[in-house]
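Here's the structure, in structure tokens; my notes come after.
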Amino acid sequence: MFPSVDGRLAILAVLPTSLFFITSLKRFIRNRQNKFPPGPVPLPLLGNILSLDTKAAWLTYTEWAAAYGDLFFVRLLGQEVVVINSQHVAEALLDKRSRIYSDRPYLATVEPFGWSVVFAFVGYGDEWRLSRRLFHQTFRSDSALKFRPMQIKQAREMIVNLIDDPQNYHSHFATFSSSVAMSATYGYQTSPRNDPLVRNVENALAIGLEVVTPEKAILLKTFPFLLKLPDWCWGSSIKRNARTSSDRMREMTDVPFQYAQDHMVENSAIGQFSMVAENLQRIEKQDQTSRSLFEGALKKAATTAIIGSYETTTSTLMTFALAMVLYPDVQRRAQAEIDSVVGRDRLPTFEDRTSLPYIESVLRETLRWQPIVPLGIAHVTTSDDTYDGYFIPKGTTVMCNAWGITRDEKRYPDASRFVPERFLDVNGALTDDNPAKYVFGFGRRACPGRHAADASLWSAIVTMLATVEFSSAKDDQGKVIEFTPQFTTGLNQYLLFSYHSIFLSLTISSL
Numbered sequence: 001m002f003p004s005v006d007g008r009l010a011i012l013a014v015l016p017t018s019l020f021f022i023t024s025l026k027r028f029i030r031n032r033q034n035k036f037p038p039g040p041v042p043l044p045l046l047g048n049i050l051s052l053d054t055k056a057a058w059l060t061y062t063e064w065a066a067a068y069g070d071l072f073f074v075r076l077l078g079q080e081v082v083v084i085n086s087q088h089v090a091e092a093l094l095d096k097r098s099r100i101y102s103d104r105p106y107l108a109t110v111e112p113f114g115w116s117v118v119f120a121f122v123g124y125g126d127e128w129r130l131s132r133r134l135f136h137q138t139f140r141s142d143s144a145l146k147f148r149p150m151q152i153k154q155a156r157e158m159i160v161n162l163i164d165d166p167q168n169y170h171s172h173f174a175t176f177s178s179s180v181a182m183s184a185t186y187g188y189q190t191s192p193r194n195d196p197l198v199r200n201v202e203n204a205l206a207i208g209l210e211v212v213t214p215e216k217a218i219l220l221k222t223f224p225f226l227l228k229l230p231d232w233c234w235g236s237s238i239k240r241n242a243r244t245s246s247d248r249m250r251e252m253t254d255v256p257f258q259y260a261q262d263h264m265v266e267n268s269a270i271g272q273f274s275m276v277a278e279n280l281q282r283i284e285k286q287d288q289t290s291r292s293l294f295e296g297a298l299k300k301a302a303t304t305a306i307i308g309s310y311e312t313t314t315s316t317l318m319t320f321a322l323a324m325v326l327y328p329d330v331q332r333r334a335q336a337e338i339d340s341v342v343g344r345d346r347l348p349t350f351e352d353r354t355s356l357p358y359i360e361s362v363l364r365e366t367l368r369w370q371p372i373v374p375l376g377i378a379h380v381t382t383s384d385d386t387y388d389g390y391f392i393p394k395g396t397t398v399m400c401n402a403w404g405i406t407r408d409e410k411r412y413p414d415a416s417r418f419v420p421e422r423f424l425d426v427n428g429a430l431t432d433d434n435p436a437k438y439v440f441g442f443g444r445r446a447c448p449g450r451h452a453a454d455a456s457l458w459s460a461i462v463t464m465l466a467t468v469e470f471s472s473a474k475d476d477q478g479k480v481i482e483f484t485p486q487f488t489t490g491l492n493q494y495l496l497f498s499y500h501s502i503f504l505s506l507t508i509s510s511l
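Counting from 1, one number per residue, gives the positions in the sequence shown under the working numbering.
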């Protein structure tokens with residue numbers, strides 16, 4: 001005999017309460033049996049989500065680190081999260097125990113927004129290993145050396161564009177940032193200005209970077225029906241944004257890949273090779289199934305190279321420009337070092353790098369002062385672990401707060417100021433402290449393009465310091481135009497300038 005309608009309703013009403021009770025009981029028992037890292041007290045069901053600034057979570061995490069230490073525990077709705085706030089702890093877990101900490105958590109926004117084509121978000125397994133191997137073959141430290149002449153050439157071309165059209169400096173930074181990766185990955189030479197493929201990258205990232213974080217993805221994980229709402233319904237904007245982002249990501253991935261395929265023969269004839277063309281030629285005789293799997297991994301490697309190059313390098317150069325405006329004494333000292341070592345009859349090259357320690361310290365301070373990816377990309381534990389007496393369960397999301405590391409006042413006194421001298425000893429030599437060791441990530445999931453990125457940043461910064469001067473823009477009456485730096489938020493923090501906030505003037509003419 002079936003229960004009555006009222007009986008069924010009663011059962012449906014009791015089920016969620018029972019589920020909540022059972023889940024809470026399991027957590028209570030586990031918490032009594034294991035010592036978790038300290039952290040703020042979570043609310044039932046909601047956890048600590050209401051106390052977190054989800055637009056700039058790194059700021060909240062840094063505040064909590066002051067209260068709970070370098071390793072603390074939070075709960076965001078149903079997700080357990082451990083936040084690391086020191087380089088030492090990050091190295092101990094993410095580097096030395098990488099077998100446990102190399103996987104990625106499930107982010108409900110990755111697939112709908114088209115970001116599954118970026119292998120940085122792919123789980124630790126065979127697909128990820130193949131994509132990273134293809135990437136590593138092109139951008140590992142020794143291979144990246146061959147890009148240096150191109151990086152210097154593109155940096156000088158960027159200067160010509162800056163001098164000719166200073167107001168659109170962001171566009172020039174973006175073209176420079178993408179040029180090396182586009183050439184190395186697809187054999188594509190970017191146009192000096194308004195390149196269509198660079199514009200595709202910019203459009204594709206405009207939406208996705210804001211949502212591919214654990215804090216933002218939790219909303220869609222908790223309410224997956226948001227992707228099924230009709231377009232006219234309130235709350236359907238997330239579905240529309242996902243559709244737009246997915247279309248843009250597909251275009252950004254497919255168009256340059258097709259270009260590489262179409263130009264394989266002619267580029268090979270003139271001795272110009274690319275990661276995509278070389279690998280496609282290598283698998284021509286494989287069966288269709290193997291070829292499809294390989295092409296999928298290759299597309300992921302190629303797309304990741306372009307996104308990584310565009311986003312991090314462009315944002316870092318914007319931060320550098322801001323620092324030069326706000327700290328003119330730093331700019332003058334850097335220019336004086338270039339003049340004394342290189343002179344004014346030529347422009348700096350990579351052969352000068354070891355003789356320019358202050359320029360190196362400016363690069364390091366640029367990376368530290370406003371880290372572009374303040375929380376990196378989240379890891380997840382694949383098994384239970386214990387560190388310093390604290391229990392970290394399997395399936396815990398692990399985040400490294402690079403912003404918190406850069407704001408450690410014991411390590412970096414007056415941390416909010418731009419002070420390159422903090423990386424020089426009393427004799428003017430570089431110290432062992434290099435923010436590149438933590439801003440590019442840790443362990444097996446560290447940024448595989450960091451060597452090429454470092455060289456691109458150095459070539460751009462030293463060439464700009466040798467050729468142009470950054471200062472605040474002035475109005476028609478000669479008064480400085482006041483502006484307040486603003487940053488976007490999401491996976492990265494991206495500096496937004498009014499195109500009339502900065503003025504660039506030519507300081508030498510030996511281009």
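Beta carbons are placed, not taken as given, at the ideal position from N, Cα and C, and that holds for glycine.
Nearest by alpha-carbon distance to P448: which of H88, V89, S143 is it? S143
Tell me which residues share the same chain as V517 and place their Cβ nearer than 8 Å to its Cβ, disregarding the 5 neighbours each side in the sequence. Limits of the chain in this structure are 1 at one end and 511 at the other, which puts residue 517 out of reach.
What are the boundary residues of the alpha helix (DSSP H) that T304 is part of? 288-326
Report back the beta-carbon spacing between Y124 and V398 to the nearest angstrom; my notes put them in contact at under 8 Å. At roughly 13 Å, the Cβ-Cβ gap does not stay under 8 Å, so Y124 and V398 are not in contact.
Considering only residues of the stretch 385-441, which uninterrupted beta strand (DSSP E) runs meet the minimum length of 3 residues and lie entirely inside it, listed in chain order? Listed in chain order, they are 385-387, 390-392, 397-400.
Leaving aside the five residues before and after P16 along the sequence, list all residues of the same chain whose C-beta is less than 6 Å from its C-beta, in chain order. Annotation note: pLDDT 49 at P16 (below 50); position unreliable, coordinate value reported separately. Contacts found: none.
Label N533 either buried or exposed according to how many other C-beta atoms from any shown protein chain fall within 10 Å of its C-beta, with 16 as the threshold for buried. Since the displayed the chain opens at 1 and closes at 511, residue 533 lies outside it and no answer follows.
Taking the alpha-carbon of L76 as reference, which of G39, S98, Y327 has the nearest alpha-carbon? G39
What residue from N279, Y310, Y61 has the CA that sits closest to E295's CA? N279
For G187, is the classification buried or exposed, using 16 other Cβ atoms within 10 angstroms of its Cβ as the cut-off for buried? buried
Report buried or exposed for K299, applying the criterion of at least 16 other Cβ atoms within 10 angstroms of its Cβ. K299 is buried by the Cβ-count criterion.
Using the Cβ count rule (16 or more neighbours within 10 Å means buried), how would you classify D476? Within a 10 Å sphere around the beta-carbon of D476 sit fewer than 16 other beta-carbons, which makes this residue exposed.
Excluding the 5 residues flanking F173 on each side, which residues of the same chain have their C-beta closer than 6 Å to its C-beta? T314, L317
Looking at T303: is its Cβ nearer than 9 Å to the Cβ of T253? Cβ distance < 9 Å, so T303 and T253 count as in contact.
Three or more C-beta pairs under 8 Å: does that hold for the stretch 155-162 against the stretch 361-371? no
Helix, strand or coil, according to DSSP, for D345 in the structure here? Three-state result, D345: coil.
Please report the straight-line C-alpha distance between S177 and S456, rounded to a whole angstrom. 7 Å
How many angstroms separate the CA atom of P214 from the CA atom of H379? 10 Å
Quick one: any contact between the stretch 285-292 and the stretch 84-104, if contact means 3 or more CB pairs under 8 Å? no
Taking 6 Å as the limit between beta carbons, can you name the residues of its chain near L197, skipping five residues before and five after? Shown here for L197: same chain residues with a beta carbon closer than 6 Å to its own, the five before and five after excluded, namely P256 in chain order.
Output yes or no for whether 9 Å exceeds the beta carbon distance between Y438 and A402. yes
For A429, count the other beta carbons within 10 Å of its own beta carbon; 16 or more makes it buried, fewer makes it exposed. Which is it? Taking all protein chains in view, the Cβ of A429 is surrounded by fewer than 16 other Cβ atoms within 10 Å, so the residue is classified as exposed.
Is K474 helix, strand or coil when you go by DSSP? strand
Alpha carbon of Q261 to alpha carbon of Q335, nearest angstrom: In this structure, the straight-line span from the alpha carbon of Q261 to that of Q335 is close to 44 Å.
Pull up the distance between the alpha-carbon of I461 and that of T312, whole angstroms please. Answer to the nearest angstrom: the Cα atoms are 14 Å apart.
Under DSSP, the alpha helix (DSSP H) around Q189 begins and ends at which residues? First-last for Q189: undefined, no H or E at that position.
Name the residue from F73, R450, K153, K479 whose alpha carbon lies nearest to the alpha carbon of T396. For the options F73, R450, K153, K479, the alpha carbon positioned closest to that of T396 is the one of F73.
Would you identify the three-state DSSP class for L71, choosing helix, strand or coil? It is a strand residue.
So, with DSSP's three-state summary, where would you put Q79? strand
Coarse secondary structure for I84, derived from DSSP in three states: Three-state DSSP puts I84 in a strand.
Counting Cβ pairs, one atom from each stretch, are 3 or more of them under 8 Å apart for the stretch 462-473 and the stretch 337-350? yes
Helix, strand or coil: which one does DSSP assign to H263? H263: coil per DSSP, three-state reduction.
Give me the Cα-Cα distance between T190 and S245, rounded to the nearest whole angstrom. 23 Å
Taking I283 as part of the alpha helix (DSSP H), name the residues at either end of that continuous run. Element bounds for I283: n/a, residue is neither H nor E.
In angstroms, rounded to a whole number, what distance separates the CA positions of G441 and Y412? 19 Å
If you count every other CB in all the chains shown that lies within 10 Å of the CB of W58, and 16 or more means buried, which is it? buried
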